[in-house]
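Trainee: A single structure is presented below for examination.
Residue numbers (our numbering): 5 to 171.
Shown next, in the form of structure tokens:
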């Protein structure tokens, strides 16, 4: 397993932790209502955990070939044409990913520099929940570019997906 695969897998586990934290917050809200207590900013916390979970899981999901793909066309293509299509798709996806990654990181830095805080009772510095998005987008951009390089070197994505699933 490469260092990138380990990083993507770690981000996937972190995404699972954030997903579990959503359940904890919701259960605390339910229990709090039954006990006559309100969990401050529970909705905000659950939303931030959901965003972090979604973005952090992107690279691991891509690497394992578990993103929703429209293979109706690619399955019918000859191998050479499929390869060109995959290169084109990863080039465009990588470019969009890099653009989104740069601007996500700049957004987090701007929130940090201005000291932006949430409007709720907890007044959480916004760069903290925004960081999950930025890290996730950087990782998906790296994953797309890594797969693009693999394709350009003559590799096959189907084999790399099968290898990732067995590890």
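Backbone N, C-alpha and C define an ideal beta-carbon position, used for all residues, glycine too. All values derive from a computational prediction rather than experimental measurement.
Taking DSSP as the reference, what is the three-state secondary structure of residue 83?
Mentor: Reduced to three states, the DSSP call for residue 83 is helix.
Trainee: Once you ignore the five residues that flank residue 50 on each side, which residues in its own chain have a CB closer than 7 Å to its CB?
Mentor: Cβ neighbours of residue 50 beyond the five flanking positions: 26, 29, 30.
Trainee: Mind reading off the beta-carbon distance from residue 109 to residue 127? Whole number of angstroms is fine, and I expect it under 8 Å.
Mentor: With 8 Å as the limit, residue 109 and residue 127 do not qualify as a contact, their Cβ atoms being about 23 Å apart.
Trainee: Per DSSP, what kind of secondary structure is residue 73 in: helix, strand or coil?
Mentor: Here residue 73 sits in coil by DSSP.
Trainee: Can you give me the C-alpha to C-alpha distance between residue 43 and residue 52, rounded to a whole angstrom?
Mentor: Those two C-alpha atoms are separated by around 15 Å.
Trainee: Taking C-beta to C-beta, are residue 146 and residue 8 nearer than 8 Å?
Mentor: Yes, these two residues count as a Cβ contact at 8 Å.
Trainee: With DSSP as the reference, identify every bridge partner of residue 129, one or two as the case may be.
Mentor: BP columns for residue 129 point to 121.
Trainee: Suppose you measure from the CA of residue 102 to the CA of residue 142; what does that come to, to the nearest Å?
Mentor: Their Cα atoms are separated by approximately 7 Å.
Trainee: Rounded to the nearest angstrom, what separates residue 154 and residue 114 at their Cα positions?
Mentor: Cα-Cα distance, rounded: 34 Å.
Trainee: With a Cβ-Cβ cutoff of 8 Å, do residue 60 and residue 95 count as a contact?
Mentor: Not in contact: residue 60 and residue 95 (Cβ atoms no closer than 8 Å).
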